[in-house]
Structure formats: C-alpha cells, structure tokens
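Beneath this line is the structure, given in structure tokens, with notes to follow.
Numbering (the working numbering), first residue to last: 27 to 431.
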C-alpha cells in the first residue's frame with residue numbers, strides 16, 4: 027500500500043484528480059470532469075482519488091496525504107456511494123473548521139445511496155459556498171400537571187364514598203391519558219431529531235439536479251455542434267438517417283434539460299438520450315472513415331448488418347447502466363430479475379449494467395435502482411420504467427413522443 031500511496035501522491039502534484047486502474051471506465055466521466063472544474067476555482071487545494079467499488083480506503087488516503095506533504099482537503103471516492111475526507115491546514119484554523127463543518131452539512135444533505143461522484147460535486151459546491159450546519163431543537167420534556175386532592179371530614183366520608191370512587195376512577199383515567207400523550211409527543215420529537223428537515227431534502231434534490239443539469243448542458247452543446255457539422259456534409263441514405271435519429275434524441279434530451287421542473291430521473295433519462303445520440307454520430311463517423319480507407323464502398327445493407335457487432339470492438343460509446351444511468355458506463359449485459367417490480371413483475375431481462383451492479387448481482391445483493399419519487403423506478407409506470415431507459419421495448423425517442431402525444 028505504501029508504494030501505491032507514493033505513486034498517487036506524486037501524481038497529485040501534477041493533476042488534482044487521480045483515477046485508479048480499477049475505477050477507470052466505472053465512474054461518470056461527465057460529473058468527474060465537472061468536479062475537476064470546481065476544484066480549479068476554489069481558494070484552497072483539493073485532491074481527489076477515485077478507487078474501485080470496494081469502498082474508500084481511509085488508511086490509503088491518510089498515507090497519500092502524508093506523502094504528498096501539501097496542505098488542503100484530500101477526498102477519496104469509490105465507484106459506488108462511499109466518500110472519505112482527510113485534510114491538513116497548518117496555521118489556518120478557521121479554514122480547517124470550515125472544511126470540517128461542510129462535511130457535516132454534506133452528510134445531512136445527501137442520502138446513503140447517493141452516488142459518490144454526486145456527493146463529491148455537492149461537497150465541492152459547499153466548499154465554494156459554505157453553509158452553516160443545521161441546528162436541531164431537542165427540547166426538554168415539560169413537567170406534567172400534579173393532581174391535588176382534598177380530604178373531607180370523617181363524618182361525611184361514608185356519605186360520599188360512592189362519589190369518591192367515581193372521582194378516583196376519573197383521576198386515574200386523566201393521568202393515564204396525559205401520560206400517554208406525553209410519551210407519544212416525546213417519541214415524535216425523538217423521531218424528528220433524526221429526520222432531515224424538508225428544506226434540507228429539497229436542497230439535496232436541487233443540488234443533485236443542478237449538478238446533473240450543468241453537466242448535461244455542456245454535453246448537449248458539444249453534441250449539437252457535431253450534428254450541425256454532419257448535416258452540412260454529403261451523406262449516404264443510411265448515414266443521413268443515423269444523423270436524423272441523433273438529432274431526435276438530442277432535441278428530446280435538450281427539452282428535458284431545459285425543463286426547470288424535470289426530476290432527477292428525467293435528467294438521468296436525458297443522459298441516456300445523449301448517449302444514444304452520441305452512438306449514432308459515432309456510427310456515422312466510423313462509416314465515413316471506413317469508406318475513406320477502402321476502395322470498395324460498402325453497401326448500406328452491409329453497413330446495417332455490421333452495426334450488430336460489439337460496440338466495444340468497433341470503438342462506439344458504451345450504453346449507460348440500466349439500473350441507474352448515473353452509475354455511468356455499462357460493463358456488460360446481464361440477466362436481471364424484476365420480481366415484484368411493477369409492470370415487469372416476475373420477468374427477467376438482459377440489460378446493460380455497470381461494474382458495481384454486476385458485483386451486486388454476483389454477490390446476491392439488492393440492486394441500487396435509481397428512484398422515481400419514493401420508490402425504485404422499475405416499480406412505476408413511467409416511460410423510463412416501461413422501456414428500462416431504452417433497453418427494451420423499441421426506440422426510446424419514439425416511446426417518449428408517444429407518451430407526449
């Protein structure tokens with residue numbers, strides 16, 4: 027581990043982000059690049075290490091900090107949901123306290139299942155715009171009312187015995203009722219102490235959507251330029267159709283990104299659409315370069331047949347993870363059970379999954395489906411659930427148009 031720590035520490039002297047070999051291809055590159063841009067704009071140094079899917083190694087992180095010898099925040103994330111922070115700020119007590127506090131704020135804002143690269147971007151946003159840690163009201167239990175009884179004279183005790191028994195029963199009932207109410211109120215306050223306030227939950231969702239929307243906006247701009255360039259060139263019928271499909275997917279993704287009311291799952295769908303558009307463009311470019319390198323021109327039919335080959339061997343962009351597109355690139359197609367999952371209940375389908383989800387499947391763990399509202403999206407009736415983000419059921423763009431009509 028010491029040699030690995032030295033290697034990483036040296037690499038961080040030239041680049042603030044280091045991705046280990048086990049994490050390459052398993053992390054969302056768009057969000058990671060967004061994080062690197064945010065790091066460059068901060069007033070203090072931040073170093074990021076991306077490890078595999080086995081969790082952040084705290085011991086390795088501390089060794090890297092020591093070998094690096096610099097001041098700043100050292101952050102390690104894995105390709106799943108783990109994030110760890112270490113820091114060194116000599117003679118900068120206020121800055122050190124600020125970094126510590128923002129980590130506490132971040133823990134209050136994200137959930138356990140939030141992807142680590144999203145947590146990273148949220149934490150960097152907090153470094154740039156520090157927030158005060160939330161204060162929870164614990165309160166003290168108010169003392170209960172005491173019941174005071176007055177004894178009557180002994181000469182009339184017998185006459186009012188029946189009334190006294192009735193009063194005693196009423197007093198016992200009142201005490202029991204009051205005690206029950208106090209215990210219930212105490213339990214409610216205790217539960218609320220460990221619940222995130224609604225404003226914090228809203229802020230978590232807003233931050234995640236803001237980060238996604240910023241990254242997607244950059245992707246759509248770049249993609250639009252490529253589509254425009256291809257539209258001005260002389261293309262075969264098949265290539266022209268590919269550009270048209272790319273344009274349709276791009277326009278649908280652009281509409282989602284521009285919609286201020288779009289939910290997190292919709293923005294994940296926009297990522298899938300942009301990847302689909304990117305594949306179409308890459309297919310056209312690959313075909314054009316192949317034609318330039320050969321004397322004999324392939325027929326459109328031959329090209330269509332060739333498109334069934336592996337995307338990896340042909341240099342095309344890979345699909346995103348069907349379980350949660352925010353996980354990033356799919357690593358393989360795997361049979362996934364959708365037992366008790368909405369309209370797909372009891373079925374098993376072969377879909378693209380990332381390395382983390384593949385590990386979950388092989389280990390028999392519950393898959394970390396992206397949520398639509400308060401439940402896994404596959405349990406709903408959205409177009410994303412019906413098509414598994416385009417993995418089944420035909421063309422995703424067509425399905426979206428059909429839903430909107």
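Backbone N, C-alpha and C define an ideal beta-carbon position, used for all residues, glycine too.
Note that this is a predicted model, so its numbers are computed, not measured.
Of 427, 385, 122, 141, the smallest CA-CA separation from residue 294 is found for 141. Per DSSP, the unbroken alpha helix (DSSP H) holding residue 86 starts and ends at 84 to 94. Beyond the five residues adjoining it in sequence on each side, residue 61 comes within less than 8 Å, by CB distance, of 43, 74, 143, 146, 147, 150 in the same chain, given in chain order.
Looking at the DSSP output, residue 252 bridges to nothing. Looking at 297, 304, 425, 376, the one whose alpha-carbon comes closest to that of residue 249 is 304.
Here residue 153 is not bridged, per DSSP, to any residue.
Looking at the backbone, the Cα of residue 277 and that of residue 426 are separated by about 12 Å. Excluding residues up to 5 positions away in sequence, 359, 361 lie with their Cβ nearer than 6 Å to the Cβ of residue 376 in the same chain. The straight-line gap separating the alpha-carbon atoms of residue 76 and residue 111 is approximately 12 Å. Considering only 130, 105, 397, the residue with the shortest C-alpha distance to residue 156 is 130.
In this structure residue 132 is not in contact with residue 108, their Cβ atoms being roughly 13 Å apart against a cut-off of 8 Å.
Each residue's CA atom was taken as its position, placing residue 256 and residue 154 some 39 Å apart. For residue 401, the three-state secondary structure derived from DSSP is strand. Selection 85, 128, 65 evaluated against residue 41 yields 65 as nearest (Cα-Cα). Under the three-state reduction of DSSP output, residue 58 falls in the helix class. Taking 8 Å as the upper bound for CB-CB distance, residue 345 and residue 106 are not in contact here, some 19 Å apart. Residue 91 is classed as buried because its beta carbon has at least 16 other beta carbons within 10 Å across all chains shown. For the pair residue 83 and residue 35, the Cα-to-Cα distance works out to about 15 Å.
In the DSSP assignment, residue 99 falls within the beta strand (DSSP E) that extends over 98 to 103. With respect to the 8 Å criterion, residue 429 and residue 419 are not classified as neighbours on the basis of their beta carbons. According to DSSP, residue pairing for residue 109 in a beta bridge involves 103.
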